[in-house]
Amino acid sequence: MTDLQKDMNRTHHCSQLRATDIDTQVTLMGWVQNRRDHGGVIFIDLRDKEGITQIVFNPENSKETHAKAQEIRSEYVLGITGKVIARPDDMVNAKRETGAIEVMADGLCIFSRAKTPAFQIEDRIEASESIRLQYRYLDLRRPQMKNNIIARHTATTAIRNYLNDQGFVDIETPFLTRSTPEGARDYLVPSRVNPGEFYALPQSPQLFKQLLMISGFDKYYQIVKCFRDEDLRADRQPEFTQIDMELSFVDETQIMDVAEGMIAKTFKAVLDMDLKLPFPQITYDEAMDRFGLDRPDLRFGMELCEVSDLVKDTGFKVFASVVKNGGMVKAVNAKGCATFSRKQIDELTDFAAVYKAKGLAWIKIKEDASWQSPIAKFFTDQEQDALKQRLDMEPGDIIFFVADQIKITNEALGQLRNELARRKGLIDEDAFSFTWVTEFPLMDYDETEKRYQALHHPFTAPLEEDVEKLSSDPLAVKSRAYDLVLNGIEIGGGSIRIHSSDLQEKVLECLGIDQAEANDKFGFLLEALAAGAPPHGGIAFGLDRLMMILCKEDSIRNVIAFPKTQKATCMLTEAPSIPSTAQLQELSIKTVKTQE
RNA sequence: GGGGGUGUAGUUCAGUUUGGUUAGAACGCUUGCCUGUCACGCAAGAGGUCGCGAGUUCGAGUCUCGUCACUCCCGCCA
384 MTDLQKDMNR
394 THHCSQLRAT
404 DIDTQVTLMG
414 WVQNRRDHGG
424 VIFIDLRDKE
434 GITQIVFNPE
444 NSKETHAKAQ
454 EIRSEYVLGI
464 TGKVIARPDD
474 MVNAKRETGA
484 IEVMADGLCI
494 FSRAKTPAFQ
504 IEDRIEASES
514 IRLQYRYLDL
524 RRPQMKNNII
534 ARHTATTAIR
544 NYLNDQGFVD
554 IETPFLTRST
564 PEGARDYLVP
574 SRVNPGEFYA
584 LPQSPQLFKQ
594 LLMISGFDKY
604 YQIVKCFRDE
614 DLRADRQPEF
624 TQIDMELSFV
634 DETQIMDVAE
644 GMIAKTFKAV
654 LDMDLKLPFP
664 QITYDEAMDR
674 FGLDRPDLRF
684 GMELCEVSDL
694 VKDTGFKVFA
704 SVVKNGGMVK
714 AVNAKGCATF
724 SRKQIDELTD
734 FAAVYKAKGL
744 AWIKIKEDAS
754 WQSPIAKFFT
764 DQEQDALKQR
774 LDMEPGDIIF
784 FVADQIKITN
794 EALGQLRNEL
804 ARRKGLIDED
814 AFSFTWVTEF
824 PLMDYDETEK
834 RYQALHHPFT
844 APLEEDVEKL
854 SSDPLAVKSR
864 AYDLVLNGIE
874 IGGGSIRIHS
884 SDLQEKVLEC
894 LGIDQAEAND
904 KFGFLLEALA
914 AGAPPHGGIA
924 FGLDRLMMIL
934 CKEDSIRNVI
944 AFPKTQKATC
954 MLTEAPSIPS
964 TAQLQELSIK
974 TVKTQE
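To convert, take the position in the first sequence, counting from 1, and add 383; that gives the numbering used here.
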């Protein structure tokens, strides 16, 4: 095999040459996308990061090079020297940017031969995901994957430039840190020099960025890996990347301004798209009321409608008793869907059951405006009229009802709304619909552990006017937390933090975290808060989810170069692996994993 | 922890409902022919632990039980 020769210096990349370059002597380097051997003449599509150029080997031009070209196969790595020539008029390939020209090779260097790849390097070939992950280096040669990874770079570059221009300071925070209170399960790292003790990998740099505000850094950001040892989903990986920021002497408005500016720059850089600012805002309560979810998809309407008041005394006992017991009856009008078959309705009932709904009641409005429904007979004429008006029932519509505890009703019907929109094709796949969701509850009640729990995290500030309710009615306290939702997916969230140790202690008390526990787990933060803390707040964005939406992918794995499987393994490196006994001894660890 | 889906040639899949001859297709691969293709064409050929293990049966890719892997979802993820 020949080494890179002195005269083989790349002059162009593979999407660069045009008709204006004809007669230029060039050197290209890249991988063999495709070989077409016509016996006499051989065509090679040479591919690099930028694109593809056709190379021609013609024995009349160089007998020696043509002979050498016969052994070329897919994915060989080549250096080619030759002259750019025009293609015959009727041979121009309009589908390709470089289709007007080709390179007549007079020199060929085979840098590497390649085994036949496990799958072809083309977007249209559908290799299964496990094969793709096993040969990720091949998968990343595919234009779609390559473009996703480059788009991610384009995004982070735009984000860094924007935040730098806004006066933010990029500061690294430790990966080897200590376990945080509440929240997700931590990844633990044993400490060799402190036998029996463990670091935790950060679930987020939350406490450190607050400490940086207390240090006076004013505006901090970091594009940083975070770690959570929980079960995975299409939009969840054990290690993921956050765009993390924190600001001092600000309130919600300024943080949202900065975040919107950053998102707008990102969309401009990646998609050359101008977003309309500012983004709309909706309170948590309103989102739950109208959409049933705290991450409403605003690309379509079909809002939910509460009817508890209309059916509280109805003859349909299921509805009446739910209302009597503090539950809620809500409905959604699927316009024009009265054509749904019994089977389709059964499927939707199963769908709602996933979210704990015990049933799905329905009313079809027939063309003559009469009702077809298993529950219609239970309603009085007045109730029917009231429902008809409230739900804007028209011939051809079907109404779905869920009656359950408030939480279940909202979740099930909210998810059903999304599902109906998917089924009916109501979603504009090219739309980007943003909304802020504000004024989340500060805490909720954990039924299993019988105590209050912070919805966001325990350092989130309550709304000032709600502070007095902390002791009297904790569940009614709203927080200064906000999420940014895009197309029904939460892409970022943050809050104004508590900057007074007094208030912090009060909130911790409310959460049932006593002083001893608080001091043990994050006493350093409480002490720091007493050292002169500025009012501050921040936000963190999930870079992977943002890129997933920007790249129109269904899974964040397709915007991560080396993602993990659902069982958090790496198919390429086969991590995790069993350490040697010697390693374990050094770490003072006894393993429970035995040979089987 | 729970529910659903998938697993057959290098790859993507058909075949499994109703057990029965030599397990097929496409792409890829190999060889030969071909001087204008660009998803080249033509001809020939190689290629299989039907995920793995038990069981039922005269006989299992197909039925039963178990198990593993990948995947979607619920729980979980402040």
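Glycine included, C-beta positions come from ideal geometry on N, C-alpha and C.
Note that the structure is a prediction, hence the values are computed from the model and not measured.
Fewer than three beta-carbon pairs drawn from the stretch 688 to 707 and the stretch 651 to 665 are found closer than 8 Å, and the two stretches are therefore not classed as touching. Residues I879 of the same chain have their beta carbon placed closer than 7 Å to that of D634, with the five preceding and five following residues left out of the count.
Counting C-beta pairs with one atom in each stretch, the stretch 866 to 878 and the stretch 886 to 893 have fewer than three that are closer than 8 Å, which means they do not touch.
Burial check for F632: the Cβ neighbour count within 10 Å stays below 16, so the residue is exposed.
Proximity to I606 across D553, L590, T563 and V641 peaks at D553, based on C-alpha coordinates. Relative to the Cα of A759, the nearest Cα in the group R805, M931, V701 and V737 belongs to V701. As the crow flies, the alpha-carbon of T831 is around 19 Å from that of H839. Burial state of Q586 is buried, judged by a 10 Å Cβ sphere holding 16 or more other Cβ atoms. Out of F551, V576, G599 and T563, the CA that lies nearest to the CA of M645 is found in F551.
For L615, the closest alpha carbon among the candidates A567, Q593, V572 and G579 is that of A567.
If you look at P573, you'll find it in the beta strand (DSSP E) that goes L571 to P573. Contact between V653 and A534 is confirmed by a C-beta separation of about 5 Å, below the 8 Å threshold. With fewer than three CB-CB distances shorter than 8 Å, the stretch 510 to 526 does not count as touching the stretch 486 to 497. As for any alpha helix (DSSP H) of minimum length 4 sitting wholly inside the stretch 783 to 834, the runs are 789 to 807, ordered along the chain. Along the length of the stretch 871 to 927, whole alpha helix (DSSP H) runs at least 4 residues long occupy 884 to 893 and 898 to 912, reported in chain order. When DSSP reads this structure, N417 sits in a beta bridge with D428.
When the Cα atoms are used, V467 and N544 turn out to be separated by approximately 39 Å.
Measuring C-alpha to C-alpha distances from G413 to each of D420, R456, D404 and N444 identifies R456 as the nearest. For the options K973, A944, E969 and A951, the alpha carbon positioned closest to that of D522 is the one of A944.
If you ignore the 5 residues before and after I425, its C-beta comes within less than 6 Å of the C-beta of F440 and A452, all in its own chain and listed in chain order.
With distances taken between CA atoms, I405 lies nearest to R470 out of R470, D428, A740 and K747.
Counting along the chain, the unbroken alpha helix (DSSP H) around M645 starts and ends at E635 to L654. Going by DSSP, I597 is part of the alpha helix (DSSP H) stretching over Q589 to I597. When the Cα atoms are used, R401 and H395 turn out to be separated by approximately 11 Å.
Note on geometry: alpha-carbon atoms of D751 and Q836 lie some 52 Å from one another. Cβ neighbours of P778 within its own chain (closer than 6 Å, five residues either side excluded): I748, E750 and A752. Under the DSSP definition of a beta bridge, Y459 lacks any partner. Sequence-distant Cβ neighbours of K741 in its own chain, meaning closer than 8 Å and more than five residues away, are D787. For S963, the secondary structure class from DSSP, reduced to helix, strand or coil, is coil.
With respect to N801, L676 sits close: the two C-beta atoms are nearer than 9 Å. At a Cβ-Cβ threshold of 9 Å, D627 and K602 do not count as neighbours.
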